[in-house]
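**Student:**
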Amino acid sequence: MEKTNIYGVVLAGGKGTRMGNVEKPKQFMEVGGKPIIIHTLEKFVVNPQFERVIVLSPKQWITYTQDIIKKYILLSDKIDVIEGGATRNDTIMNAISHIEKFYGLDEETIIVTHDSVRPFVTHRILEDNIHYAKEYGACDTVIPATDTIVESMDNQKISNIPDRSKMYQGQTPQSFHAKRLREVFDELSEEEKTILTDACKILVLKGDAIHLVEGEVFNIKITYPYDLRVAESILGGNGVC
Ligand SMILES: Nc1ccn([C@@H]2O[C@H](COP(=O)(O)OP(=O)(O)OP(=O)(O)O)[C@@H](O)[C@H]2O)c(=O)n1
Ligand SMILES: O=P(O)(O)OC[C@@H](O)[C@@H](O)[C@@H](O)CO
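The sequence shown runs 75 to 315 under the numbering used here.
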């Protein structure tokens with residue numbers, strides 16, 4: 075098959091501290107009888123548009139990650155497991171360096187970055203990410219805010235209530251031209267890097283345009299123990315994902 079320049083980048087380099095005292099990081103905990111990261115990877119490996127899928131894992135969990143991938147995933151040859159970084163954005167930068175070293179990077183190389191702990195991403199969301207990243211260079215998966223968003227500058231009093239019709243909640247995937255993302259990240263000051271809560275903010279700080287992709291309410295990020303119960307109930311539903 076002809077080589078594509080599109081890479082899936084599945085972020086599993088975190089510790090899952092908000093999940094509480096667990097023996098393994100949350101991405102390796104099971105829902106529906108399989109590790110969370112496996113549900114996520116199943117969505118990526120079957121998409122023929124991805125040249126490779128890069129999985130970033132904490133150093134001490136790399137062998138474990140490789141083992142479960144071999145156990146559960148038929149197309150495991152399509153996956154590289156490498157070490158994540160100290161922060162989520164460092165993890166993304168490790169993926170870009172890996173792609174550059176082994177497969178080559180050019181201006182058009184696209185990465186579709188995704189939280190390993192969002193196992194309910196759909197094929198439609200992945201396809202839309204690839205489409206809009208190709209067309210516009212960057213895109214973010216979002217859902218319209220359902221709650222009114224309240225801003226407080228001092229965390230005590232309301233400073234603003236923005237127009238809800240213009241408010242969204244950010245999910246993943248977030249997809250980029252890899253070279254541009256790294257170039258802008260490298261230009262940020264250490265102070266700017268500390269205020270980043272996601273990868274899109276890197277480009278927002280430089281004024282780059284990022285297209286919106288419609289997410290799904292069920293494309294949740296498993297963060298707290300409660301989310302495991304929500305995930306089980308999504309899986310127990312009618313198979314929408
Ligand atoms: N250095 C890091 C930090 C996070 N992640 C990944 O980014 C995703 C979303 O991050 P989050 O939910 O915040 O995960 P953790 O950092 O593991 O959670 P916590 O903040 O509770 O420790 C997760 O799949 C996580 O593994 C990563 O690849 N590298
Ligand atoms: O702030 P958190 O560590 O929960 O999440 C960081 C990112 O994972 C998060 O911004 C994306 O999932 C988009 O919401």
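For glycine and all other residues, C-beta sits at the position ideal for the given N, C-alpha and C.
Go to Tyr206, then tell me how far its alpha helix (DSSP H) extends in each direction, as first and last residue.
**Tutor:** Element bounds for Tyr206: His197 to Tyr210.
**Student:** Alpha carbon to alpha carbon, what distance is there between Lys117 and Thr74?
**Tutor:** Summary: the structure shown does not reach residue 74, with the chain confined to residues 75 through 315, and so no result is reported for it.
**Student:** With distances taken from CA atoms, which of Glu76, Lys77 and Tyr81 is nearest Ala207?
**Tutor:** Tyr81
**Student:** Leaving out five residues on either side along the sequence, give the residues of the same chain with a beta carbon under 7 Å from the beta carbon of Leu309.
**Tutor:** Val105 and Gly106
**Student:** Cα-Cα, which of Ser226, Pro132, Met103 and Pro122 is closest to Lys89?
**Tutor:** Pro132
**Student:** So the candidates are Val83, Leu130, Trp135 and Ile223; which of them puts its Cα closest to the Cα of Glu97?
**Tutor:** Taking the Cα of Glu97 as reference, the smallest distance to any Cα among Val83, Leu130, Trp135 and Ile223 is reached at Trp135.
**Student:** May I have a chain-ordered list of the beta strand (DSSP E) segments no shorter than 3 residues that lie completely inside the segment 78-149?
**Tutor:** 80-85 and 126-131
**Student:** From what residue to what residue does the alpha helix (DSSP H) around Phe393 run?
**Tutor:** Given a span of 75 to 315 for the chain in the structure shown, any question on residue 393 remains unanswerable.
**Student:** Residues in the same chain with beta-carbon distance under 6 Å from Ile170, minus the five sequence neighbours each way, listed in chain order, please.
**Tutor:** Ala252 and Arg256
**Student:** Kindly indicate which three-state DSSP category Thr165 falls into: helix, strand or coil?
**Tutor:** helix
**Student:** In chain order, what residues have a CB nearer than 7 Å to some heavy atom of ligand 1?
**Tutor:** Leu85, Ala86, Gly87, Gly88, Lys89, Gly90, Thr91, Arg92, Met93, Pro99, Lys100, Gln101, Leu130, Gly158, Gly159, Ala160, Thr161, Arg162, Asp164, Thr165, Asp189, Ser190, Val191, Lys295 and Thr297
**Student:** Just to confirm, does Gly244 get its C-beta within under 8 Å of one of the non-hydrogen atoms of ligand 2?
**Tutor:** For ligand 2, at least one heavy atom lies less than 8 Å from the Cβ of Gly244.
**Student:** Taking contact to mean 3 or more Cβ pairs, one atom from each stretch, closer than 8 Å, check whether the segment 222-241 and the segment 284-294 are in contact.
**Tutor:** no
**Student:** Leu255 by DSSP, collapsed to three states: which one?
**Tutor:** helix
**Student:** Taking just the CA atoms, how far does Ile269 sit from Lys231?
**Tutor:** 22 Å
**Student:** Give me the Cα-Cα distance between Ile284 and Ile276, rounded to the nearest whole angstrom.
**Tutor:** 11 Å
**Student:** Where do the N-terminal and C-terminal ends of the alpha helix (DSSP H) with Asp154 fall, by residue?
**Tutor:** Asp154 -> not in any alpha helix (DSSP H); beta strand (DSSP E) instead, spanning Ile153 to Glu157.
**Student:** Would you say Ile153 and Val127 are within 9 Å of each other, going by their C-beta atoms?
**Tutor:** yes
**Student:** Go through its chain and collect everything with a Cβ distance to Gln123's Cβ below 7 Å, but skip five positions before and after it.
**Tutor:** Non-local C-beta neighbours of Gln123 in its own chain, meaning closer than 7 Å and more than five positions away in sequence, comprise Thr78, Ile80 and Ile204, ordered along the chain.
**Student:** Exposed or buried, which one is Ala305 when buried takes at least 16 other CB atoms within 10 Å?
**Tutor:** Buried: at least 16 other Cβ atoms inside 10 Å.
**Student:** DSSP on Thr268, reduced to helix/strand/coil?
**Tutor:** Here DSSP, grouped into helix, strand and coil, assigns Thr268 to helix.
**Student:** What do you get for Asn168, buried or exposed, if any count of 16 or more other CB atoms within 10 angstroms of its CB means buried?
**Tutor:** buried
**Student:** Taking 8 Å as the cut-off, is the CB of Asp151 close to at least one heavy atom of ligand 2?
**Tutor:** no
**Student:** Heavy atom of ligand 2 less than 8 Å from the Cβ of Thr271, yes or no?
**Tutor:** yes
**Student:** Indicate, with yes or no, if ligand 2 has a heavy atom lying under 8 Å from the CB of Gln248.
**Tutor:** Yes.
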